[in-house]
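A quick write-up on the structure given underneath.
There are 2 protein chains.
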Amino acid sequence: MQNSEAMALSAALLAVAGELTRRIHDGVVARGFEGVRPAHGFAFTRLAPDGATVTDLAAHLGVTKQAASQLVDELVRKGYAERRPHPGDARARLVVLTESGWACTRAAEEAVAEVVRTWGGVLGEADVRALREALLRITPDGPIRPAW
Amino acid sequence: MQNSEAMALSAALLAVAGELTRRIHDGVVARGFEGVRPAHGFAFTRLAPDGATVTDLAAHLGVTKQAASQLVDELVRKGYAERRPHPGDARARLVVLTESGWACTRAAEEAVAEVVRTWGGVLGEADVRALREALLRITPDGPIRPAW
DNA sequence: AATATATGGTCAACTTACTTGACCATTTTC
DNA sequence: GAAAATGGTCAAGTAAGTTGACCATATATT
Numbered sequence: 054m055q056n057s058e059a060m061a062l063s064a065a066l067l068a069v070a071g072e073l074t075r076r077i078h079d080g081v082v083a084r085g086f087e088g089v090r091p092a093h094g095f096a097f098t099r100l101a102p103d104g105a106t107v108t109d110l111a112a113h114l115g116v117t118k119q120a121a122s123q124l125v126d127e128l129v130r131k132g133y134a135e136r137r138p139h140p141g142d143a144r145a146r147l148v149v150l151t152e153s154g155w156a157c158t159r160a161a162e163e164a165v166a167e168v169v170r171t172w173g174g175v176l177g178e179a180d181v182r183a184l185r186e187a188l189l190r191i192t193p194d195g196p197i198r199p200a201w
Numbered sequence: 054m055q056n057s058e059a060m061a062l063s064a065a066l067l068a069v070a071g072e073l074t075r076r077i078h079d080g081v082v083a084r085g086f087e088g089v090r091p092a093h094g095f096a097f098t099r100l101a102p103d104g105a106t107v108t109d110l111a112a113h114l115g116v117t118k119q120a121a122s123q124l125v126d127e128l129v130r131k132g133y134a135e136r137r138p139h140p141g142d143a144r145a146r147l148v149v150l151t152e153s154g155w156a157c158t159r160a161a162e163e164a165v166a167e168v169v170r171t172w173g174g175v176l177g178e179a180d181v182r183a184l185r186e187a188l189l190r191i192t193p194d195g196p197i198r199p200a201w
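In the order they appear, the protein sequences are chains A and B.
If you count by our numbering, then the first sequence holds residues 54 to 201, one letter each, in order.
If you count by our numbering, then the second sequence holds residues 54 to 201, one letter each, in order.
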């Protein structure tokens, strides 16, 4: 592969990722959820199943636990999450989504589906599937990190 | 396409984009360029051919011209760019890369090539090509924006 | 069992990378 | 030639992270 082709791949990947983020955000806002930032979405995916501790969240997001705690403060203030006592560890607290938090999560999923549908319109179903499979194979482990 | 498949695609795309950014940054640092942020790379790609004005740069990056100006201040302070009078418009200034700026650009290109090579090792050349073509077809116009 | 160390969490202060608002110099429009 | 638009900067404010200090509880050491 030529150097310029690698650069084109890199630029396209980053541009598409930026556009995806923007359109998810717009879609969530369009569904009536304001004051939500992209970073909150990644917190939601970690909180969604059964809740998580602030420390879990910090590791998932790749930030300090202080930053994660401030983010939880914000989610609580906006009514998307709440802190509950942690069963079995009196130091810890379990952060869980409220009903509003679940609704916002569903809105984000709808927004994602909408964007992917437009990609399907351009590429066709088979190529979208191939894109997904290729990306899954090169997906790294480790914390979710902003693309820049 | 199922909703969960769309979510998997979205998550993989964002994770790969974040990892790419991180590895480019690491590669540039490993080649001896310190104090460079990912955002500088996008500025470099705009400045590279013939230079650009601060306003051009702001549009390219999707930020205010004040922010672009501050970013140029930083690049100048670090020796990667310089402000020259603009030929044909005495209001404007042409921001161009210094030799050090070009060297840093080349280092970033090498780092990108290195990452894409590892993807080639996992996917094979044909699938990397297909990935590039698919991404190019869904690449949006407009300013480069952070993925979150 | 008692003590030492590690872990979960928060408070406070600081930093960074942006923003908005005001303003000046030059260019373009009419 | 005057009015409006454009390129750029200065200054101050804001958002989202950081580091450092600290407390409460849990785990490990002896």
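We put the CB at the ideal spot given by N, CA and C, even for glycine.
Alpha helix (DSSP H) segment containing Glu186 (chain A), residue limits: Within the first sequence, the letter at position 133 stands for residue 186 (chain A). From DSSP, the alpha helix (DSSP H) with Glu186 (chain A) extends over Glu178 to Arg190.
Cβ shell of Leu150 (chain A) (< 6 Å), same chain only, five flanking positions each side left out: For the purposes of this step, residue 150 (chain A) is taken as residue 97 along the first sequence, with counting starting at 1. Around Leu150 (chain A): Leu100 and Ala134.
In DSSP terms, what Val149 (chain B) is bridged to: Stepping through the second sequence from its first residue, residue 149 (chain B) is reached at position 96. Looking at the DSSP assignment, Val149 (chain B) forms a beta bridge with B:Glu135.
Contact belief for Arg146 (chain B) with Pro138 (chain B) at Cβ below 8 Å, rounded distance in angstroms: Residue numbering aside, residue 146 (chain B) sits at position 93 when the second sequence is read from its first letter. Residue numbering aside, residue 138 (chain B) sits at position 85 when the second sequence is read from its first letter. Arg146 (chain B) to Pro138 (chain B), Cβ: 6 Å. Contact.
Gly173 (chain A): contacting residues in chain B (beta-carbon distance under 9 Å): Reading the first sequence from its first residue, position 120 is the one you call residue 173 (chain A). What Gly173 (chain A) touches in chain B: Met54.
Validate contact between the region 63-82 of chain A and the region 176-193 of chain B using beta carbons, cut 8 Å, 3 pairs: yes
Between the CA atoms of Thr106 (chain B) and Ala120 (chain B) - distance to the nearest angstrom: Residue 120 (chain B) sits at position 67 when you count from the first residue of the second sequence. Residue 106 (chain B) sits at position 53 when you count from the first residue of the second sequence. When rounded, the distance between both Cα atoms is 13 Å.
Interface flag, Thr210 (chain B) vs chain A, CB-CB below 8 Å: Not covered by the structure: residue 210 (chain B). The range shown for chain B is 54 to 201.
Short Cβ contact (8 Å threshold) for Val82 (chain B) with Cys157 (chain B): Counting from one through the second sequence, the residue named residue 82 (chain B) turns up at place 29. Counting from one through the second sequence, the residue named residue 157 (chain B) turns up at place 104. Not in contact: Val82 (chain B) and Cys157 (chain B) (Cβ atoms no closer than 8 Å).
Residue-level contact to chain B via CB, Trp201 (chain A), 8 Å cutoff: One-based indexing of the first sequence puts residue 201 (chain A) at position 148. Yes, contact with chain B.
Distance CB(Leu250 (chain B))-CB(Ala96 (chain B)) smaller than 8 Å: Outside the modelled stretch of chain B, which goes from 54 to 201, sits residue 250 (chain B), for which no answer is possible.
Chain A residues whose Cβ lies nearer than 8 Å to that of Thr74 (chain B): Counted from its first residue, the second sequence places residue 74 (chain B) at position 21. In chain order: Leu67, Arg198, Pro199, Ala200 and Trp201.
Assigned secondary structure, Ala68 (chain A) (DSSP; H/G/I helix, E/B strand, else coil): Against the first sequence, residue 68 (chain A) aligns to sequence position 15. The DSSP-derived three-state label of Ala68 (chain A) is helix.
Extent of the continuous alpha helix (DSSP H) to which Thr117 (chain A) belongs: As a working mapping, residue 117 (chain A) is identified with position 64 in the first sequence. Neither: Thr117 (chain A) is in no alpha helix (DSSP H) and is coded neither H nor E.
Cα-Cα separation, Ser153 (chain A) to Asp79 (chain A): Locating residue 153 (chain A) in the first sequence gives position 100, counting from the first residue. Locating residue 79 (chain A) in the first sequence gives position 26, counting from the first residue. Cα-Cα distance, rounded: 18 Å.
Range of the contiguous alpha helix (DSSP H) that encloses Pro102 (chain B): Residue numbering aside, residue 102 (chain B) sits at position 49 when the second sequence is read from its first letter. Looking at the DSSP string, Pro102 (chain B) is not in any alpha helix (DSSP H), and its letter there is neither H nor E.
Classification of Arg185 (chain A) by the beta-carbon crowding that lies within 10 angstroms, buried from 16 upward: For the purposes of this step, residue 185 (chain A) is identified with residue 132 of the first sequence, where counting begins at 1. Around the beta carbon of Arg185 (chain A), 16 or more other beta carbons lie within 10 angstroms, which makes this residue buried.
Inter-residue spacing [alpha-carbon to alpha-carbon] between Pro140 (chain B) and Gln123 (chain B): Locating residue 140 (chain B) in the second sequence gives position 87, where the first residue counts as 1. Locating residue 123 (chain B) in the second sequence gives position 70, where the first residue counts as 1. About 22 Å.
CB contact check: Val165 (chain A) to chain B, cutoff 8 Å: Here residue 165 (chain A) refers to the residue found at position 112 of the first sequence. Cβ-Cβ to chain B under 8 Å: yes for Val165 (chain A).
Cut-off 8 Å between Cβ atoms - residues of its own chain near Ala179 (chain A), not counting five sequence neighbours on either side: Counting from one through the first sequence, the residue named residue 179 (chain A) turns up at place 126. Excluding positions up to five away in sequence, the list is empty.
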